[in-house]
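Novice: Residue numbers (UniProt numbering): 1 to 136. If you scroll down you'll find the structure; I have some questions about it.
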């Protein structure tokens, strides 16, 4: 009996050892996979940061900026007409502000004139869009 019992304990110990070894291997594989994903994400973030910094440095160095990029002819013609209307509206609003600051008009009158100016500018934009749709 002692030989069988010793053999039984030996086989059981060997099975437990193999099971623990497999379990540790699976856990280690999972942790390695998680570490690989995390390090890959961090590497991509660092690379994107370096690329962004290089882009900003190049923009600064060469003096170009997204706002200074020329538009195509259609976008340019639309933005030119819109900016001309905005300039007119803006000068009126600036003139009203200046009159208010200088005390030429009261606060109530300033608010009424600004409100009517904004309504007029809003209707001008709508009329311009309708006219453009009709001509198309």
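Just so you know, even glycine gets a beta-carbon here, dropped at the ideal spot from N, CA and C.
Please return the same chain residues whose Cβ sits closer than 6 Å to the Cβ of residue 11, not counting the five positions on each side in sequence.
Specialist: Counting from one through the chain shown, the residue named residue 11 turns up at place 11. Contacts found: none.
Novice: What does the Cβ neighbour count give for residue 96, buried or exposed, with the cut at 16 atoms within 10 Å?
Specialist: Start at 1 with the first residue of the chain shown, and residue 96 comes out as number 96. Burial call: buried.
Novice: Would you mind giving the Cβ-Cβ distance between residue 99 and residue 117, rounded to the nearest angstrom? I have them listed as a contact below 8 Å.
Specialist: Counting from 1 along the chain shown, the entry for residue 99 is found at position 99. Counting from 1 along the chain shown, the entry for residue 117 is found at position 117. Actually they are not in contact, since the Cβ atoms of residue 99 and residue 117 sit about 12 Å apart, beyond 8 Å.
Novice: Put residue 102 into one of helix, strand or coil per three-state DSSP.
Specialist: Sequence index remark: in the chain shown, residue 102 carries index 102 (1-based). Correct three-state label for residue 102: coil.
Novice: Please report how far the alpha carbon of residue 129 lies from the alpha carbon of residue 37, in whole angstroms.
Specialist: Taking the chain shown and counting its residues from 1, the one referred to as residue 129 is at position 129. Taking the chain shown and counting its residues from 1, the one referred to as residue 37 is at position 37. Going by the C-alpha atoms only, they are around 52 Å apart.
Novice: If you draw a straight line from the alpha carbon of residue 62 to that of residue 35, how long is it in whole angstroms?
Specialist: For the purposes of this step, residue 62 is identified with residue 62 of the chain shown, where counting begins at 1. For the purposes of this step, residue 35 is identified with residue 35 of the chain shown, where counting begins at 1. Roughly 40 Å separates the two Cα atoms.
Novice: What are the uninterrupted segments assigned as alpha helix (DSSP H) that are 4 or more residues long and contained completely in the stretch 14–52, given in chain order?
Specialist: none
Novice: Please list, in chain order, all residues of the same chain as residue 32 whose beta carbon is under 6 Å from its beta carbon, the five residues on each side excluded.
Specialist: Your numbering for residue 32 matches position 32 in the chain shown. Around residue 32: no qualifying Cβ.
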